[in-house]
Amino acid sequence: MERLHGLEALPVDAAGTVVTVGFFDGVHLGHRAVLGRTVDAARERGLPSVAVTFDRHPREVLTPGREPRLLTTVDRKAALVEETGIDTLLVLEFTEDFSRWPAERFVSDVLLGGLHADHCVMGANFTFGHKAAGTVELLIERGPELGFTAERVELVEVQGRRVSSSSVREAIAQGDLAWPGVALGRRFVLDGTVVSGAGRGHGLGFPTANLRTGPRLLLPGRGIYAGRASVEGTGHLAAISVGTNPTFGTEPLHVEAYLLDFDGELVGSEIAVEFWAYLRDEVRFDAPEELSAAIAEDVRRTRDLVRER
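At position 141 of the sequence shown (counting the first as 1) the number is 1021 in the working numbering, and the numbers step up by one without a gap.
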């Protein structure tokens, strides 16, 4: 998949494209339905497929301080979009100036002048342009006179519940991994970089990898989890803590993972932590020995719950 950045990457070198647009946070089943239909429509027409997304959540600009935490980094999102078969991903910078573009300018400058859209595929709740004046219905109605066609993809429901990024965020923030697994069609993954910690894990017999994550990424609810951690393409069973280390005093909320059967240096490595199961609440222990015994039980349960693959 080709990956383009910014309006300066336009126009693309194509006689025509099939385009979809969205923030696609988490790339859940609803997003996959839109992206999949885009790929199919492009193949039907013998044209390349293009997905347009943004470098930050629009609400970060439109309603600063009220924007949601994110389910995926831009890189993770790109990898998930690529899995759907999309040919090109265009990542646009969502600035205050860009937010003021009227819907007509987005159509003329991005869809037509930039991407040479022959057909657009949009989710049913898709809006664009200043004050969300642009809708998929507008594209369907006005497209033919501008030289393109458009279609809508209905929202996806699973188990009687609508799939949405917000519902996935709410569940993860509460430590609920069941609905995210259904709605995402995969387990939730948190990406970060391993940084130096206080070193207490070594003293307890369970050296952990401390994650530094992007400031906008969502962290799961506080607690101890079983999962897997991937480092440089190699997976390891992992007992994961999301919390503040109350046994040693209050620290900022953070994530650390003990990689089972791993012996090596991790500081500076990129790591992807996949959450499989919630094990227990984070609690304060009266002595480090009690915490060490609890971690040993977490490790045992992790071995039982998480399958090798």
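Beta carbons: idealized from backbone N, C-alpha and C, even for Gly. Fair warning: this is a prediction, and the values are worked out from it, not measured in the lab.
Just checking my contact of residue i with residue j at CB under 8 Å: how many whole Å lie between their CB atoms?
i	j	result
leucine 1091	glycine 1072	4 Å
arginine 1067	glutamate 1154	5 Å
isoleucine 1052	alanine 1119	With a Cβ gap of about 18 Å, isoleucine 1052 and alanine 1119 do not count as contacting.
histidine 999	alanine 1030	7 Å
arginine 946	phenylalanine 974	So it is not a contact: roughly 15 Å between Cβ atoms.
Determine, using beta carbons only, whether residue i and residue j come nearer to each other than 8 Å.
i	j	result
threonine 918	valine 892	no
leucine 1117	leucine 1146	no
arginine 912	threonine 964	yes
methionine 1002	valine 1074	no
alanine 1058	threonine 1182	no
leucine 1098	arginine 949	yes
leucine 960	valine 907	yes
arginine 1049	leucine 951	yes
threonine 933	phenylalanine 978	no
glycine 1101	arginine 1108	no
valine 1036	valine 1062	no
Got a sec: does the ligand FAD put a non-hydrogen atom nearer than 7 Å to the Cβ of residue i?
i	result
alanine 1119	Of the ligands one can find in the structure shown there are none, so the ligand FAD has no counterpart to examine.
Rounded to a whole number of angstroms, what is the C-alpha to C-alpha distance between residue i and residue j?
i	j	result
phenylalanine 1008	glycine 926	27 Å
leucine 887	leucine 991	11 Å
glutamate 1017	arginine 1032	8 Å
arginine 980	histidine 1010	5 Å
phenylalanine 1006	valine 987	14 Å
glycine 1083	lysine 957	Low confidence applies here, because glycine 1083 scores a pLDDT of 44, under 50, leaving its location unreliable and the question unanswered by this model.
isoleucine 966	glycine 910	15 Å
alanine 1157	glutamate 924	41 Å
proline 1060	arginine 939	22 Å
DSSP has residue i in a bridge; who is on the other side?
i	result
threonine 1114	Val1111
alanine 931	Thr900, Leu969
phenylalanine 1155	Gly1107
glutamate 1177	Partner(s): none; glutamate 1177 has no beta bridge.
glutamate 976	DSSP lists no partner for glutamate 976.
leucine 1139	Ala1118
glutamate 882	Thr968
Query raised in the report: Which runs of the alpha helix (DSSP H) fall wholly inside the region 1060-1109 and span at least 4 residues, in chain order?
Result: 1080-1084
Query raised in the report: Considering only residues of the region 994-1074, which uninterrupted beta strand (DSSP E) runs meet the minimum length of 3 residues and lie entirely inside it, listed in chain order?
Result: 997-1003, 1029-1033
Requested in this report: Please go through the region 908-954 and give each complete alpha helix (DSSP H) segment of 4 or more residues, from N-terminal end onward.
Outcome: 909-925, 938-942
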